[in-house]
Amino acid sequence: MYTQGLDQAEKKEAGGAGKESAEQLAAFQARIDVEEKIEAKDWMPEAYRRTLIRQISQHAHSEIIGMQPEGNWLTRAPTLKRKAILLAKVQDEAGHGLYLYSAAETLGVSRDRMVADLLSGKAKYSSIFNYPTLTWADIGAIGWLVDGAAIMNQIPLCRCSYGPYARAMVRVCKEESFHQRQGFEIMLTLCRGTDEQKAMAQDALNRFWWPALMMFGPNDSNSTHSAQSMAWKIKRFSNDELRQKFVDITVRQADFLGLRIPDDELSFNEATGHYEFSEIDWQEFFDVIAGNGPCNKERMSKRRKAHEDGAWVREAARAFADKRSAQAA
Amino acid sequence: MSEQVWPLYEVFIRTRGGLSHRHAGSLHAADDQMALDHARDTYTRRSEGVSLWVVRSDRIVASDPAETAAFFEPAADKIYRHPTFYDIPDGVENL
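Respectively, the protein sequence lines represent chains A and B.
Residues in the first sequence are numbered from 2 upward in steps of one, following our numbering.
Residues in the second sequence are numbered from 1119 upward in steps of one, following our numbering.
Rendered as structure tokens:
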């Protein structure tokens, strides 16, 4: 799913840049400009490497943490069919995390380092997963809106200049469209149900609409890393462009469902062909990124516990492999 | 972390008979069998393959990207290896 806020907040790191000559940097940019893909062992500027490590690892962390809000409903899905679907979706998220960790590792960062940074709280993940899933309709809203926003972000990443990331994203995007459609179908079923079920769908939309719009990150005017990422073709469209595209298609889908977008200012501008919407509550966004969202602490403590609880399994697998290779020797 | 790191494997998938195996990605596993099992669960959840290869990444010998130009240079000046090098007059058929 879900990159975002990922071009946020890296403290300026010193070092590296001094060793790179103007010729090297120009030659690298020339490769990017003619749409050549950069591969793992190719020469690249330190800042390009660091930007990608940050973005890809945070993207991977988001997939891993993203299993929690949905996992919350696995045992309470309303039918066996819904349970099987949700289980498959959550498993996909784990898979996406693994593709992405592998892509990040090609840049020279170890898996253990990335996991340690997530568990220590040093690394960030998408703010959206710090909101609770209070009703079954939230599972519909997540698939429809959160995965929908994620797809909008991720399709352009399939053409990212870094080959291993681009290839991982192709795989992710193929799987993501099932996620969005199953979410929409949950919403549709609720909206065609009783008044109470429809109200539940509306409530989920009310709570997830703004957090979904925040997934595209800060406004272009406040997005610190955007210009460089665009020049390097890591990013192809700006945060605001993608957000607008998402609003334009999603408003019509909400109309189809008979649901109301929770924004009194929302209106269609005939001249531009786009919907205009209210200013996002950026204070909320930055609070959640800073660790003060509704579920940040719960998500992190659950992740840490899962990692600790798995330690004996990893150890046993290792011991078994050692024993087998000793026997073979 | 004090735990030992599981080695990295590269995963190759044959999507159907008649096609060659193609690199799909990588993963960590404690041993070869686990690498195969993980590769199946990670890379073929939607029937993407009929055959899987996994190989320890540190066993792969690769050419050096920094030496790419020099390494592949011997092929560059042998244009006579391509059929388009040869002029065939109009009227000659099936050639």
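Glycine included, C-beta positions come from ideal geometry on N, C-alpha and C.
> Helix, strand or coil: how does DSSP classify phenylalanine 1130 of chain B here?
Replying inline: Translated into positions along the second sequence, residue 1130 of chain B becomes position 12. Secondary structure at phenylalanine 1130 of chain B: strand, using DSSP grouped into helix, strand and coil.
> So, is the C-beta of proline 1183 of chain B closer than 7 Å to a C-beta in chain A?
Replying inline: Numbered from 1 along the second sequence, position 65 holds the residue referred to as residue 1183 of chain B. Contact of proline 1183 of chain B with chain A is assigned, a C-beta pair being separated by under 7 Å.
> Just how far apart, CA to CA, sit alanine 138 of chain A and histidine 1139 of chain B?
Replying inline: Locating residue 138 of chain A in the first sequence gives position 137, where the first residue counts as 1. Locating residue 1139 of chain B in the second sequence gives position 21, where the first residue counts as 1. Their Cα atoms are separated by approximately 42 Å.
> Any Cβ of chain A within less than 7 Å of the Cβ of serine 1165 of chain B?
Replying inline: Here residue 1165 of chain B refers to the residue found at position 47 of the second sequence. Interface annotation, serine 1165 of chain B: not in contact with chain A, CB-CB separation never under 7 Å.
> Where in the region 59-86 of chain A do unbroken runs of the alpha helix (DSSP H), each at least 4 residues long, occur, reported from the N-terminal end onward?
Replying inline: Segments of the alpha helix (DSSP H) lying fully in the region 59-86 of chain A: 68-72.
> Does the distance from the CB of tyrosine 100 of chain A to the CB of alanine 169 of chain A come in under 7 Å?
Replying inline: The residue labelled residue 100 of chain A in the question sits at position 99 within the first sequence. The residue labelled residue 169 of chain A in the question sits at position 168 within the first sequence. Taking a C-beta distance under 7 Å as the contact criterion, tyrosine 100 of chain A and alanine 169 of chain A qualify as a contact pair.
> When the cut-off is 7 Å and only beta carbons count, does alanine 327 of chain A lie next to chain B?
Replying inline: For the purposes of this step, residue 327 of chain A is taken as the residue at position 326 of the first sequence. Chain B contact via Cβ: absent.
> Taking the Cβ atom as the reference point for each residue, do isoleucine 86 of chain A and glutamine 183 of chain A lie within a distance shorter than 7 Å?
Replying inline: Indexing the first sequence from 1 puts residue 86 of chain A at position 85. Indexing the first sequence from 1 puts residue 183 of chain A at position 182. Closer than 7 Å, so yes.
>> Could you check whether leucine 135 of chain A and isoleucine 54 of chain A sit closer than 7 Å to each other, using their CB atoms as the reference points?
In response: Mapped onto the first sequence, residue 54 of chain A falls at position 53. Mapped onto the first sequence, residue 135 of chain A falls at position 134. Taking 7 Å as the Cβ cut-off, isoleucine 54 of chain A and leucine 135 of chain A do not qualify as a contacting pair.
>> By the three-class DSSP mapping on this structure, what secondary structure does serine 279 of chain A have?
In response: Indexing the first sequence from 1 puts residue 279 of chain A at position 278. In the three-state reduction of the DSSP assignment, serine 279 of chain A falls in the coil class.
> Can you tell me whether threonine 195 of chain A is buried or exposed, with buried defined as 16 or more other CB within 10 angstroms of its CB?
Replying inline: Sequence index remark: in the first sequence, residue 195 of chain A carries index 194 (1-based). Here threonine 195 of chain A is exposed. Its C-beta has fewer than 16 other C-beta atoms within 10 Å.
>> Is it buried or exposed, lysine 298 of chain A, if we count other Cβ atoms within 10 angstroms and call 16 or more buried?
In response: Along the first sequence, one-based indexing puts residue 298 of chain A at 297. Around the CB of lysine 298 of chain A, fewer than 16 other CB atoms lie within 10 Å, so the residue is classed as exposed.
>> Contact defined as beta carbons within less than 8 Å: I believe asparagine 131 of chain A pairs with glycine 294 of chain A. What is the distance between those atoms, to the nearest angstrom?
In response: Against the first sequence, residue 131 of chain A aligns to sequence position 130. Against the first sequence, residue 294 of chain A aligns to sequence position 293. Right, their Cβ atoms sit about 3 Å apart.
> If you draw a straight line from the C-alpha of aspartate 1117 of chain B to the C-alpha of valine 1210 of chain B, how long is it?
Replying inline: No statement about residue 1117 of chain B is possible, as the shown extent of chain B runs from 1119 to 1213 and does not include it.
> Tell me which same chain residues have a C-beta within less than 8 Å of the C-beta of alanine 1177 of chain B, skipping the five on either side of it?
Replying inline: In the second sequence, the residue the question calls residue 1177 of chain B occupies position 59. In the sequence on display, residue 1177 of chain B carries arginine and not alanine. Contacts found: none.
> From this set, A/Ala317, A/Ala23, A/Glu21, A/Gly96, which residue's C-alpha is nearest tyrosine 1161 of chain B's C-alpha?
Replying inline: Translated into positions along the second sequence, residue 1161 of chain B becomes position 43. When each option's Cα is compared against that of tyrosine 1161 of chain B, the closest is A/Gly96.
> CA-CA distance, arginine 1174 of chain B and arginine 112 of chain A?
Replying inline: Translated into positions along the second sequence, residue 1174 of chain B becomes position 56. Translated into positions along the first sequence, residue 112 of chain A becomes position 111. Rounded to whole angstroms, arginine 1174 of chain B to arginine 112 of chain A spans 16 Å at the Cα level.
> Under 7 Å Cβ-Cβ, which residues of chain D neighbour alanine 318 of chain A?
Replying inline: Here the protein chains are A and B, and chain D is not one of them.
>> For valine 1179 of chain B and arginine 1132 of chain B, I'd like the C-alpha separation in whole angstroms.
In response: Working through the second sequence from its first residue, we reach residue 1179 of chain B at position 61. Working through the second sequence from its first residue, we reach residue 1132 of chain B at position 14. Valine 1179 of chain B and arginine 1132 of chain B have their C-alpha atoms roughly 21 Å apart.
> Are the C-beta of glycine 1143 of chain B and some C-beta of chain A separated by less than 7 Å?
Replying inline: The count along the second sequence starts at 1 and reaches residue 1143 of chain B at position 25. Yes, glycine 1143 of chain B lies at the interface with chain A (some Cβ there is under 7 Å from its Cβ).
>> Residues in the same chain with beta-carbon distance under 7 Å from glutamine 1122 of chain B, minus the five sequence neighbours each way, listed in chain order, please.
In response: Position 4 of the second sequence, counted from the start, is the residue given in the question as residue 1122 of chain B. Around glutamine 1122 of chain B: no qualifying Cβ.
>> Let me confirm a value: histidine 1156 of chain B is counted as buried when at least 16 other C-beta atoms fall within 10 Å, else exposed. Which label applies?
In response: Along the second sequence, read from residue 1 onward, the residue named residue 1156 of chain B stands at position 38. With 16 or more neighbouring CB atoms inside 10 Å of its own CB, histidine 1156 of chain B falls in the buried class.
>> To the nearest angstrom, how far is the alpha carbon of threonine 1186 of chain B from that of leucine 1154 of chain B?
In response: As a first step, residue 1186 of chain B must be located in the second sequence, where it is residue number 68. As a first step, residue 1154 of chain B must be located in the second sequence, where it is residue number 36. Their Cα atoms are separated by approximately 32 Å.
> Listed in chain order, which residues of the region 35-58 of chain A have Cβ atoms closer than 9 Å to some Cβ of chain B?
Replying inline: Within the region 35-58 of chain A, the qualifying residues are Glu40, Ala41, Lys42, Asp43, Trp44.
>> Does any residue of chain B have a CB that is nearer than 7 Å to the CB of leucine 119 of chain A?
In response: Here residue 119 of chain A is taken as the residue at index 118 of the first sequence, counted from 1. With 7 Å as the cut-off, leucine 119 of chain A does not count as an interface residue toward chain B.
>> Is the beta carbon of cysteine 159 of chain A closer than 7 Å to that of glycine 259 of chain A?
In response: Locating residue 259 of chain A in the first sequence gives position 258, where the first residue counts as 1. Locating residue 159 of chain A in the first sequence gives position 158, where the first residue counts as 1. No, these two residues do not count as a Cβ contact at 7 Å.
>> Does any residue of chain A have a CB that is nearer than 7 Å to the CB of threonine 1162 of chain B?
In response: To locate residue 1162 of chain B, count along the second sequence from 1; it is residue 44. Not one chain A Cβ lies under 7 Å of threonine 1162 of chain B.
> For leucine 206 of chain A, which of A/Asp264, A/Glu242, A/Asp249 has the nearest alpha-carbon?
Replying inline: Taking the first sequence and counting its residues from 1, one reaches residue 206 of chain A at position 205. The closest CA to that of leucine 206 of chain A, considering only A/Asp264, A/Glu242, A/Asp249, is found on A/Asp264.
> Which stretch, first to last residue, makes up the beta strand (DSSP E) that contains leucine 1170 of chain B?
Replying inline: For this step, residue 1170 of chain B is matched to residue 52 along the second sequence. Here the beta strand (DSSP E) through leucine 1170 of chain B covers 1169-1174.
> Which residues in chain B sit within 7 Å of tyrosine 100 of chain A, going by Cβ to Cβ distance?
Replying inline: Position 99 of the first sequence, counted from the start, is the residue given in the question as residue 100 of chain A. Within chain B, the residues near tyrosine 100 of chain A are Gly1143.
> Along chain B, in chain order, which residues have C-beta atoms closer than 8 Å to that of phenylalanine 130 of chain A?
Replying inline: By 1-based counting over the first sequence, the position of residue 130 of chain A is 129. Under the 8 Å cutoff, chain B gives no residues; its nearest Cβ is about 21 Å from phenylalanine 130 of chain A.
>> Can you tell me whether proline 1192 of chain B is buried or exposed? The criterion is at least 16 other CB atoms within 10 Å of its CB, across all chains shown.
In response: Position 74 of the second sequence, counted from the first residue, corresponds to residue 1192 of chain B. Residue environment analysis places proline 1192 of chain B among the exposed positions, since fewer than 16 neighbouring C-beta atoms fall within 10 angstroms of its C-beta.
>> One question on the structure: do histidine 180 of chain A and tyrosine 126 of chain A come within less than 7 Å of each other, judged by their Cβ atoms?
In response: As a working note, residue 180 of chain A is residue 179 in the first sequence. As a working note, residue 126 of chain A is residue 125 in the first sequence. Going by C-beta atoms, histidine 180 of chain A is not nearer than 7 Å to tyrosine 126 of chain A.
>> If I measure Cβ to Cβ from glutamate 1128 of chain B and keep anything under 6 Å in the same chain, skipping five residues before and after, which residues do I get?
In response: Your numbering for residue 1128 of chain B matches position 10 in the second sequence. Short of 6 Å from the beta carbon of glutamate 1128 of chain B, and not among the five residues preceding or following it, lie these beta carbons of its own chain, in chain order: Ser1144, Val1173, Ser1175.
>> Taking the alpha-carbon of aspartate 221 of chain A as reference, which of A/Arg244, A/Leu81, A/Ala213 has the nearest alpha-carbon?
In response: The count along the first sequence starts at 1 and reaches residue 221 of chain A at position 220. Measuring from the Cα of aspartate 221 of chain A, the nearest candidate turns out to be A/Arg244.
> Does alanine 322 of chain A have its Cβ less than 7 Å from a Cβ in chain B?
Replying inline: Position 321 of the first sequence, counted from the start, is the residue given in the question as residue 322 of chain A. For alanine 322 of chain A, the nearest beta carbon of chain B is closer than 7 Å to its own beta carbon.
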